[in-house]
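S.K.: Below is the structure I would like to discuss, written out as structure tokens.
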Amino acid sequence: DAGVIQSPRHEVTEMGQEVTLRCKPISGHDYLFWYRQTMMRGLELLIYFNNNVPIDDSGMPEDRFSAKMPNASFSTLKIQPSEPRDSAVYFCASSLSPVPWLFFGEGSRLTVL
Amino acid sequence: AQTVTQSQPEMSVQEAETVTLSCTYDTSENNYYLFWYKQPPSRQMILVIRQEAYKQQNATENRFSVNFQKAAKSFSLKISDSQLGDTAMYFCAFMRWGAQKLVFGQGTRLTINP
């Protein structure tokens, strides 16, 4: 069974450009999470969905960030416009409630120049 | 809100030695889960071990075991017979019962030297 699939694995872009990160959760999982990892702040939860509905987006840093989950097998995290401080590794994870176990993708490393 | 604290930013031991990573957490909840995740240089987040707060018995997974002290809100990870492949960042994490989301500590960078 395939794990959580994220794309792209690496992204280098220039300040001001739009960035879209993609995630395919494990089939059948009902929760999807977006985390951001930086040296300074560690692993932060940005937003999570349950059955495609956003439950908590309090971790989204500002209006430049948006996330969608149009169906059970796909989610996007968009940054528009991007800034150098957005440089980080972005992880997607999924889980099947009530099992308390998150499966993580390999992460997308974003570099904004 | 729950917080997780890992007080050791870096640790280094020789191969085959035993090493203990510390983690404390703060919560008013009675039912919850605690986890240790490993992140090797490949960046993949790998679940190492999980502990349910209602269980008094400490979880073990092969060379990995935990010392769970609920009253002290402490959850340390012991790695026995350490191997070069154990070199990684280790994250302690907390999940409130029924919440499904993880709160992570800052991580401990562990290096196993040959």
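Just so you know, the protein sequences line up as chains A and B, in that order. In terms of the numbering used here, the first sequence opens at residue 20 and continues consecutively. In terms of the numbering used here, the second sequence opens at residue 830 and continues consecutively. Every residue, glycine too, gets a C-beta built ideally from N, C-alpha and C. All values reported here derive from a predicted model rather than from experimental measurement.
Roughly how many angstroms lie between the CA atoms of S911 (chain B) and M874 (chain B), to the nearest whole one?
M.R.: Distance between the alpha carbons of S911 (chain B) and M874 (chain B) is about 19 Å.
S.K.: Since N896 (chain B) sits in a beta bridge, which residues does DSSP pair it with?
M.R.: BP columns for N896 (chain B) point to B:S905.
S.K.: When Cβ atoms are compared, which residues of the stretch 67-84 of chain A fall closer than 8 Å to chain B?
M.R.: Under the 8 Å Cβ criterion, the stretch 67-84 of chain A contributes Y67, N69 and D75.
S.K.: Per the DSSP calculation, Q868 (chain B) is bridged to which residue(s)?
M.R.: According to DSSP, which records beta bridges pairwise, Q868 (chain B) is partnered with B:M918.
S.K.: Can you find the residues in the same chain that come closer than 8 Å, C-beta to C-beta, to A922 (chain B), ignoring five residues on each side of it along the sequence?
M.R.: The answer, listed in chain order, is V833, L863, F864, W865, Y866, L931, V932, F933 and G934.
S.K.: Among the residues of its own chain, which have a CB less than 8 Å from the CB of V118 (chain A), if the five just before and after it don't count?
M.R.: Taken in chain order, the list of residues that qualify is empty.
S.K.: In whole angstroms, what is the alpha-carbon distance linking K902 (chain B) and Y854 (chain B)?
M.R.: Taking the straight line from one Cα to the other gives about 6 Å.
S.K.: For L129 (chain A), which of helix, strand or coil comes out of DSSP?
M.R.: Reduced to three states, the DSSP call for L129 (chain A) is strand.
S.K.: Can E102 (chain A) and M34 (chain A) be called in contact, C-beta distance under 9 Å?
M.R.: Result yes, Cβ atoms of E102 (chain A) and M34 (chain A) sit closer than 9 Å.
S.K.: Please name the residue or residues paired with Q880 (chain B) in a DSSP beta bridge.
M.R.: DSSP output for Q880 (chain B) lists B:L863 as bridge partner(s).
S.K.: When the Cα atoms are used, what is the spatial distance from M918 (chain B) to T849 (chain B)?
M.R.: About 13 Å.
S.K.: Say whether chain B places a C-beta atom closer than 9 Å to the C-beta of G47 (chain A).
M.R.: Chain B contact via Cβ: absent.
S.K.: Would you call the CB atoms of L43 (chain A) and S92 (chain A) closer than 9 Å?
M.R.: Going by the sequence as given, residue 43 (chain A) is Lys instead of Leu. Against a cut-off of 9 Å, the Cβ pair of S92 (chain A) and K43 (chain A) comes out as a contact.
S.K.: Pick helix, strand or coil for L40 (chain A), following the three-state DSSP scheme.
M.R.: Strand, per DSSP.
S.K.: For A86 (chain A), count the other beta carbons within 10 Å of its own beta carbon; 16 or more makes it buried, fewer makes it exposed. Which is it?
M.R.: Buried: at least 16 other Cβ atoms inside 10 Å.
S.K.: Quick one: which chain B residues come within Cβ less than 9 Å of S116 (chain A)?
M.R.: By Cβ distance, chain B contributes G927 and Q929.
S.K.: At a CB-CB cut-off below 8 Å, which residues of chain B make contact with W120 (chain A)?
M.R.: Those are L876 and R879, listed as they occur along chain B.
S.K.: Within its chain, find whatever has a CB closer than 7 Å to the CB of L64 (chain A); leave out the 5 residues flanking it on each side and keep chain order.
M.R.: Answer for L64 (chain A): F52, Y54 and G78, listed in chain order.
S.K.: In chain order, what residues of the same chain lie with their CB nearer than 6 Å to the CB of L40 (chain A), ignoring the 5 residues before and after it?
M.R.: Taken in chain order, the residues that qualify are L96, Y109 and S127.
S.K.: Here's the rule I'm using: 16 or more other beta-carbon atoms within 10 Å means buried, otherwise exposed. How should S94 (chain A) be labelled?
M.R.: The residue in question, S94 (chain A), is buried, as its Cβ has 16 or more Cβ neighbours within 10 Å.
S.K.: Do you know whose CA, among B:S857, B:S851 and B:A845, lies nearest A830 (chain B)'s CA?
M.R.: Of B:S857, B:S851 and B:A845, the residue nearest in Cα terms is B:S857.
S.K.: Below 8 Å CB to CB, which residues in the same chain sit around S894 (chain B) once its five sequence neighbours on both sides are set aside?
M.R.: Taken in chain order, the residues that qualify are I878, N887, A888, L906, K907 and S909.
S.K.: What is the C-beta distance between F115 (chain A) and G61 (chain A), in whole angstroms, given that I count them as a contact (C-beta under 8 Å)?
M.R.: First, the amino acid is wrong: residue 115 (chain A) is Leu here, not Phe. Their Cβ separation, rounded to whole angstroms, is 26 Å, which puts L115 (chain A) and G61 (chain A) out of contact at 8 Å.
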